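Each residue of the sequence shown is one higher than the one before, counting from 97 in this note's numbering.
All C-beta atoms in this analysis are idealised placements derived from N, C-alpha and C, irrespective of residue type, glycine included.
Given the structure is predicted, the values throughout are model-derived calculations rather than measurements.
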Amino acid sequence: MSPSFNSSGIATAPRKDLMRPACTGIDSNETVCFLYAFFGWWCDIHHSKNGWHCPGIGYKSSFESFWKLWHLVLKQETASGLSKGIIVKVQGVIAIVTKEKGLEIDQRPKKNMYIENVAEFARALLTTTEMTFDCSWQCIQILFFCQLTAITASCPGTLLHLRYWDIAVTEQGFSRAV
97 MSPSFNSSGI ATAPRKDLMR PACTGIDSNE TVCFLYAFFG WWCDIHHSKN GWHCPGIGYK
157 SSFESFWKLW HLVLKQETAS GLSKGIIVKV QGVIAIVTKE KGLEIDQRPK KNMYIENVAE
217 FARALLTTTE MTFDCSWQCI QILFFCQLTA ITASCPGTLL HLRYWDIAVT EQGFSRAV
């Protein structure tokens with residue numbers, strides 16, 4: 097099933113011909129058809145190649161977060177991202193896939209990670225003998241990125257754009273260079 101589009105270019109209702117010949121050209125409709133199939137597949141993942149169980153996506157908010165992160169990575173890799181027209185169509189595709197897969201509309205309950213938890217993780221990482229690092233700086237780097245992730249949890253794009261030269265060490269601690 098693939099999305100169809102109304103006169104405004106917004107995805108409206110699914111059709112049964114996913115592999116229709118119109119999706120063979122390189123245009124926005126092909127991209128939207130690909131994303132429709134990809135998102136449907138992504139919502140259905142329950143087992144990996146190695147057989148371990150993964151929960152799949154059960155909430156619309158998780159699905160939207162996945163889309164935003166996927167698009168941020170695409171922007172990072174291609175330096176352009178998708179056009180505004182395609183993004184509008186993808187919002188319709190997200191609504192269609194959400195309805196088809198029966199995703200929960202309410203937000204998934206959030207689990208808070210407190211700074212004490214990050215500190216406990218850091219303590220465990222520094223004292224464990226089960227995990228070894230080729231270089232000592234790798235352990236520090238993991239701890240650093242773990243702390244950055246905890247701080248920027250609500251803004252994943254912040255980490256994607258972070259570079260080493262953006263960070264300055266001062267007497268007060270880490271700060272972002274200007």
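From the DSSP secondary-structure annotation, give me the bridge partner or partners of residue i.
i    : result
Y155 : E200
Can you look up residue i in the DSSP assignment and give me helix, strand or coil?
i    : result
G177 : coil
F130 : helix
F240 : helix
C139 : helix
F217 : helix
C235 : helix
F229 : coil
T194 : helix
I224 : For the record, residue 224 in the displayed sequence is Thr; it is not Ile. In the structure shown, T224 sits in coil (DSSP, three-state: anything other than H, G, I, E or B).
In terms of alpha-carbon separation, which member of the options lies closest to residue i?
i    : options                : result
I201 : S179, K156, C235       : K156
K195 : E212, F130, G154       : G154
Y132 : L244, S158, V186, E226 : V186
W137 : V193, T225, Q203, E212 : V193
G181 : V128, F159, L244       : V128
Q203 : T224, S158, Q243       : S158
T224 : V214, C235, C231       : C235
T245 : A175, Y210, W166, I190 : Y210
V184 : V169, W163, Q243, E226 : W163
E212 : Q243, L222, E226       : Q243
Assign residue i to buried or exposed, taking buried as 16 or more other Cβ atoms, counted over all protein chains shown, within 10 Å of its Cβ.
i    : result
C139 : buried
I141 : exposed
F229 : exposed
G188 : buried
N125 : buried
L199 : buried
W233 : exposed
F134 : exposed
I190 : buried
Stretch-stretch touch, CB-based, cutoff 8 Å, three pairs: the stretch 236–245 with the stretch 211–222: Yes, since at least three Cβ pairs between the stretch 236–245 and the stretch 211–222 fall closer than 8 Å, the two stretches touch.
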